[in-house]
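Okay, so here's the structure we're looking at.
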Ligand SMILES: Nc1ncnc2c1ncn2[C@@H]1O[C@H](COP(=O)(O)OP(=O)(O)O)[C@@H](O)[C@H]1O
Ligand SMILES: [Mg+2]
């Protein structure tokens with residue numbers, strides 16, 4: 001689900017990271033605010049398809065294939081959203097909400113697909129700089145976001161290791177026995193990461 | 001290299017309720033220094049002290065003429081620290097971006113940044129992997145990346161705390177060669193690999209938070225082996 005940058009030369013790739021962030025954010029916002037109607041499902045799907053077709057991800061059907069790829073990685077989120085809402089809210093809101101959420105996520109993914117994290121980090125830092133007069137440290141905030149993003153895959157792998165270790169000792173999948181070891185592992189990672197950041201020149 | 005690069009006088013470090021290092025006095029003159037000792041003997045604490053990650057509780061400390069407690073920022077610009085676990089040292093999502101991250105604070109012009117990053121990746125054999133997701137690399141490649149990220153800043157002193165602990169023999173050797181190679185840096189290397197310690201010019205031996213040996217590798221390593229044999 002955590003999409004990575006794909007090198008490319010389309011217009012969205014070439015667009016400066018700051019304006020691109022604002023553009024994609026506003027499209028995502030509009031899609032998320034659509035009402036829970038049948039028509040919303042159609043509009044959300046259309047916006048996602050158009051977004052992936054016109055953003056210059058590559059020749060021919062490259063954009064649509066990428067969209068398929070993204071949707072495939074979201075399949076469980078889609079199923080869970082759809083089923084839980086079908087049970088509690090009925091078909092129309094369930095379909096509209098699922099379409100809306102899925103479209104928002106895949107549209108947001110266009111940002112990470114076409115922008116290097118370094119460029120994003122620079123843009124966020126620049127964008128936050130006016131707030132420095134209010135005492136905000138722009139460089140630190142931008143860095144915090146970056147580190148958060150990059151920590152997710154590491155913690156995901158650590159969680160799998162903890163589960164494996166427990167299974168190896170015959171424990172069933174049990175959230176209660178999972179939480180404490182995972183917390184310890186996560187805190188240890190945070191500790192090490194703090195040292196590494198300091199060592200690499202971050203104040 | 002006239003005045004000792006690293007000088008400690010009666011240094012003590014207390015963490016919580018524990019005196020982790022006590023009455024530590026030593027001058028380190030050699031370009032490459034190995035630090036050995038059993039688990040819990042205080043090696044990592046010593047490395048973190050030299051790296052300015054923790055402060056002493058008492059005594060005096062000077063690293064290349066700098067007192068870390070007073071001028072920590074300057075010290076960090078001139079040294080690099082390498083840890084055992086590569087996962088915790090890699091920050092950016094691709095290899096090239098992670099190397100460039102170490103130079104972020106310098107605000108270099110883009111052309112110079114690209115050049116420095118390219119040269120460093122070349123040196124560590126990472127050029128082919130430049131655009132690869134850094135968290136998908138093998139353990140050995142990750143540690144080379146961590147080392148590359150440390151070395152790209154041309155540090156005067158490199159402090160490495162068991163940098164080969166998680167690596168297989170081949171990758172451990174590659175990492176060790178890069179650390180020992182004279183690229184204009186001094187090295188303080190914490191290690192359990194006595195063959196590696198023997199390749200340093202000077203060896204420091206810790207036991208129970210105190211310095212128990214300092215001198216030629218051969219002498220200090222046999223002193224340590226004698227203790228281990230008991
Ligand atoms: N933050 C801390 N608080 C209290 N005790 C600590 C702390 N860090 C390390 N120690 C203790 O200090 C001793 C030396 O630890 P360390 O320097 O990590 O040893 P080594 O790296 O040689 O294995 C150990 O007994 C350890 O338990
Ligand atoms: Mg240690």
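Residue numbers (the UniProt record's numbering), protein chains in the order written: chain A, 1 to 203; chain B, 1 to 230.
All C-beta atoms, glycine included, are put in the ideal place defined by N, C-alpha and C.
Sheet register partners of residue i (DSSP bridge)
i	result
residue 133 of chain B	B/94
residue 28 of chain B	B/6
residue 207 of chain B	B/210
residue 234 of chain B	Nothing about residue 234 of chain B can be read from this structure; chain B reaches only from 1 to 230.
residue 159 of chain B	B/81, B/188
residue 174 of chain B	Looking at the DSSP assignment, residue 174 of chain B forms no beta bridge with any residue, so it has no partner.
residue 36 of chain B	B/205
residue 15 of chain B	B/18
residue 215 of chain B	B/203
residue 66 of chain B	B/63
Reference residue i, options the options, closest by Cα
i	options	result
residue 57 of chain B	B/16, B/185, B/223, B/205	B/16
residue 10 of chain B	B/71, B/24, B/19, B/50	B/24
residue 64 of chain B	B/126, B/196, B/31	B/31
residue 137 of chain B	B/161, B/96, B/177	B/96
residue 197 of chain B	B/98, B/55, B/118, B/180	B/180
residue 75 of chain B	B/37, B/159, B/35	B/159
residue 138 of chain A	A/145, A/144, A/146, A/129	A/129
residue 153 of chain B	B/124, B/47, B/78, B/83	B/78
residue 73 of chain A	A/120, A/102, A/58, A/8	A/102
residue 183 of chain B	B/148, B/162, B/161	B/148
residue 22 of chain A	A/68, A/45, A/127, A/179	A/127
residue 24 of chain A	A/108, A/58, A/183, A/41	A/108
residue 151 of chain B	B/52, B/230, B/122, B/205	B/122
residue 199 of chain B	B/188, B/145, B/206	B/188
residue 193 of chain B	B/36, B/7, B/83	B/36
residue 118 of chain A	B/128, B/105, B/127	B/105
residue 82 of chain B	B/145, B/124, B/222	B/145
residue 146 of chain A	A/168, A/121, A/159	A/121
residue 54 of chain B	B/14, B/168, B/134, B/109	B/14
residue 43 of chain A	A/96, A/135, A/149, A/178	A/96
residue 198 of chain A	B/167, B/39, B/228, B/88	B/88
residue 106 of chain A	A/56, A/81, A/49	A/49
residue 200 of chain A	A/166, A/39, A/143	A/143
residue 218 of chain B	B/4, B/126, B/34	B/34
residue 179 of chain A	A/41, A/155, A/88	A/155
residue 43 of chain B	B/226, B/216, B/211	B/211
residue 13 of chain A	A/83, A/110, A/100	A/110
residue 228 of chain B	B/214, B/6, B/206	B/206
residue 99 of chain B	B/26, B/72, B/156, B/133	B/133
residue 181 of chain A	A/90, A/170, A/158, A/124	A/158
residue 7 of chain B	B/50, B/166, B/21	B/50
residue 90 of chain A	A/191, A/164, A/38	A/38
residue 135 of chain B	B/126, B/118, B/157, B/94	B/94
residue 189 of chain A	A/34, A/151, A/69, A/59	A/151
residue 86 of chain B	B/12, B/222, B/155, B/140	B/140
residue 236 of chain B	B/203, B/175, B/129	Residue 236 of chain B cannot be examined here, being either before or after the span of chain B that is shown, 1 to 230.
residue 202 of chain B	B/68, B/28, B/155	B/28
Proximity test, residue i beta-carbon vs ligand 4 heavy atom, cut-off 6 Å
i	result
residue 179 of chain A	Annotation note on ligand 4: not contained in the displayed structure, which lists ligand 1 and ligand 2 as its ligands.
Using a strict less-than 6 Å threshold between each residue's beta carbon and the heavy atoms of ligand 1, what residues do you get? The filter returns B/15, B/16, B/18, B/20, B/37, B/39, B/40, B/41, B/42, B/43, B/44, B/45, in chain order.
Quick one: complete beta strand (DSSP E) runs, 3+ long, within the region 111–155 of chain A? Inside the region 111–155 of chain A, DSSP marks no whole beta strand (DSSP E) run of 3 or more residues.
Which whole runs of the alpha helix (DSSP H) in the region 66–109 of chain A are 4 residues long or more, in chain order? You should have 75–89.
At 3 residues or longer, what runs of the beta strand (DSSP E) sit wholly inside the region 104–134 of chain B? Correct list: empty.
Check distances from the C-beta atoms of the region 140–152 of chain A to those of chain B and list, in chain order, the residues that come in under 8 Å. Sequence-ordered contacts of the region 140–152 of chain A with chain B read 146, 147, 149, 150 [C-beta pairs closer than 8 Å].
Residues of the region 68–99 of chain A with a CB closer than 7 Å to any CB of chain B: list them in chain order, please. Residues: none.
When you check each C-beta in the region 4–31 of chain A against every C-beta of chain B, which residues fall closer than 8 Å? With the criterion set as a beta carbon lying under 8 Å from some beta carbon of chain B, the members of the region 4–31 of chain A are 4, 5, 7, in sequence order.
If the cut-off is 9 Å on Cβ atoms, which residues from the region 102–125 of chain B count as contacting chain A, listed in chain order? Legend: CB atoms of the region 102–125 of chain B lying less than 9 Å from CB atoms of chain A belong to residues 102, 103, 104, 105, 106.
Listed in chain order, which residues of the region 107–119 of chain A have Cβ atoms closer than 7 Å to some Cβ of chain B? Across the region 107–119 of chain A, CB contacts with chain B closer than 7 Å involve 116, 117, 118, in sequence order along the chain.
Using a Cβ-Cβ cut-off of less than 8 Å, give me the residues of the region 184–197 of chain A that come near chain B, in sequence order. Answer in chain order: 189, 192, 193, 195, 196, 197.
Could you run through the region 124–139 of chain B and flag, in chain order, every residue whose CB is less than 8 Å away from some CB of chain A? Only those residues of the region 124–139 of chain B whose C-beta falls short of 8 Å from the nearest C-beta of chain A are listed: 131, 133, 135.
Any residues in the region 158–184 of chain A with a beta carbon nearer than 9 Å to a beta carbon of chain B? Which ones, in chain order? Correct list: 158.
Of all the residues that make up the region 145–171 of chain B, which are near chain A by a beta-carbon distance shorter than 9 Å? Hits within the stretch, in order: 146, 149, 150, 153, 159.
Using a beta-carbon distance cut-off of less than 9 Å, what residues from the region 51–68 of chain A approach chain B? Within the region 51–68 of chain A, no residue qualifies.
At which residue ranges does the region 29–62 of chain A contain complete alpha helix (DSSP H) runs of 4 or more residues, listed in the order of the chain? Entirely contained in the region 29–62 of chain A, the alpha helix (DSSP H) runs reaching 4 residues are, in chain order, 38–54.
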